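Q: Below is the structure I would like to discuss, written out as structure tokens.
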Amino acid sequence: MTDQMFSKGGAMPTQLPAFDRRLSDGWLLTPLDGHPDAIAACGWSEAPEPPAIDDATEQLGWDGAAWTIEPLSAEEITARAETRRVAARAAVDARAEQAFFAGFAPANPAFAGQRLQVRGVEDRTNWLTSQASYAAAVDKGYGDVVDASFRTAANTTVTVSYADGLDTLLGMAAWGRAILARSWAIKDAIAVDEPYDLDTGWPA
Numbered sequence: 117m118t119d120q121m122f123s124k125g126g127a128m129p130t131q132l133p134a135f136d137r138r139l140s141d142g143w144l145l146t147p148l149d150g151h152p153d154a155i156a157a158c159g160w161s162e163a164p165e166p167p168a169i170d171d172a173t174e175q176l177g178w179d180g181a182a183w184t185i186e187p188l189s190a191e192e193i194t195a196r197a198e199t200r201r202v203a204a205r206a207a208v209d210a211r212a213e214q215a216f217f218a219g220f221a222p223a224n225p226a227f228a229g230q231r232l233q234v235r236g237v238e239d240r241t242n243w244l245t246s247q248a249s250y251a252a253a254v255d256k257g258y259g260d261v262v263d264a265s266f267r268t269a270a271n272t273t274v275t276v277s278y279a280d281g282l283d284t285l286l287g288m289a290a291w292g293r294a295i296l297a298r299s300w301a302i303k304d305a306i307a308v309d310e311p312y313d314l315d316t317g318w319p320a
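Put into structure tokens, the structure is as follows:
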């Protein structure tokens with residue numbers, strides 16, 4: 117089948133069905149794809165290419181022989197705009213999750229080439245628990261003790277001092293805030309119909 121649309125009996129154009137009944141007998145199912153004689157015998161005719169429209173304010177109609185362009189009502193315009201915003205916000209949420217799923221790359225050289233997994237509530241809760249533990253160790257004067265262990269996304273264990281471990285997790289927290297800030301900025305643009313770029317501005 118091609119993208120060519122057809123009309124039958126003046127009805128709204130659509131794609132051809134795989135089979136249809138000939139007008140002459142009304143019961144014999146005939147394959148249509150690639151059979152122009154059968155298409156005509158079943159009452160179908162090619163429809164003209166539909167004109168370009170502004171989906172935000174217009175919709176296509178059909179008068180039985182040609183396309184028409186019909187304005188949307190104010191209510192329909194509002195409803196379509198909100199539908200677009202809902203879809204756009206969902207795309208932002210998906211892009212933010214993609215950024216989280218990529219993992220956090222610590223600046224500490226001990227983690228060179230490694231990322232820490234931040235894929236859901238459980239991961240984030242575990243890191244917050246570790247952050248509180250390492251902060252307590254630093255507060256008690258054990259910052260230089262090398263006993264802060266991290267399991268990377270590649271299933272490698274990296275152990276650093278409590279002070280470096282705390283710095284790493286504070287960096288992760290800042291990275292997570294930057295992801296959320298970017299998602300909020302885009303959603304603010306969506307709310308007022310301002311242009312935005314979904315694929316830029318996210319922290320690596």
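With the working numbering, the residue at position 108 of the sequence shown is 224, and numbering never jumps. Where is the CB? At the ideal position from N, CA and C, for every residue including glycine. Just so it is clear, the structure is predicted and the values come from calculations on it, not from any experiment.
In its own chain, which residues sit with a C-beta less than 7 Å from the C-beta of residue 162, not counting the 5 before and 5 after it?
A: 120, 122
Q: Could you work out which residue in 237, 179, 147 is closest to residue 166 when comparing CA atoms only?
A: 179
Q: Any idea what DSSP makes of residue 272, helix, strand or coil?
A: coil
Q: Give me the Cα-Cα distance between residue 261 and residue 203, rounded to the nearest whole angstrom.
A: 49 Å
Q: Do residue 268 and residue 232 come within 8 Å of each other at the CB atom, strictly closer than that value?
A: At the C-beta level, residue 232 and residue 268 come within 8 Å of one another.
Q: Among residues of its own chain, excluding the 5 on either side of residue 270, which ones have a beta-carbon nearer than 7 Å to its beta-carbon?
A: 230
Q: If we count the other Cβ atoms within 10 Å of its Cβ and call it buried at 16 or more, is residue 181 buried or exposed?
A: The residue in question, residue 181, is exposed, as its Cβ has fewer than 16 Cβ neighbours within 10 Å.
Q: Nearest to residue 224 by CA position, among 148, 197, 279, 300, is which residue?
A: It is 279.
Q: Thinking residue 319 and residue 215 are a contact (beta carbons under 8 Å), I'd like their distance in whole angstroms, please.
A: 7 Å
Q: Just to confirm before moving on: does the CB-CB distance between residue 246 and residue 286 stay below 8 Å?
A: no
Q: Any heavy atom of the ligand ATP closer than 7 Å to the CB of residue 192?
A: In terms of ligand content, the structure shown is empty, and the ligand ATP therefore cannot be addressed.
Q: Starting from residue 177, follow its DSSP beta bridges and name the residues at the other end.
A: 184
Q: Pull up the distance between the alpha-carbon of residue 144 and that of residue 137, whole angstroms please.
A: So the alpha carbons of these two residues sit roughly 5 Å apart.
Q: May I have the straight-line CA-CA distance separating residue 209 from residue 191, to the nearest angstrom?
A: 27 Å
Q: Nearest CA to the CA of residue 151: which residue from 140, 141, 135, 164?
A: 135
Q: Helix, strand or coil for residue 237, going by three-state DSSP, please let me know.
A: helix
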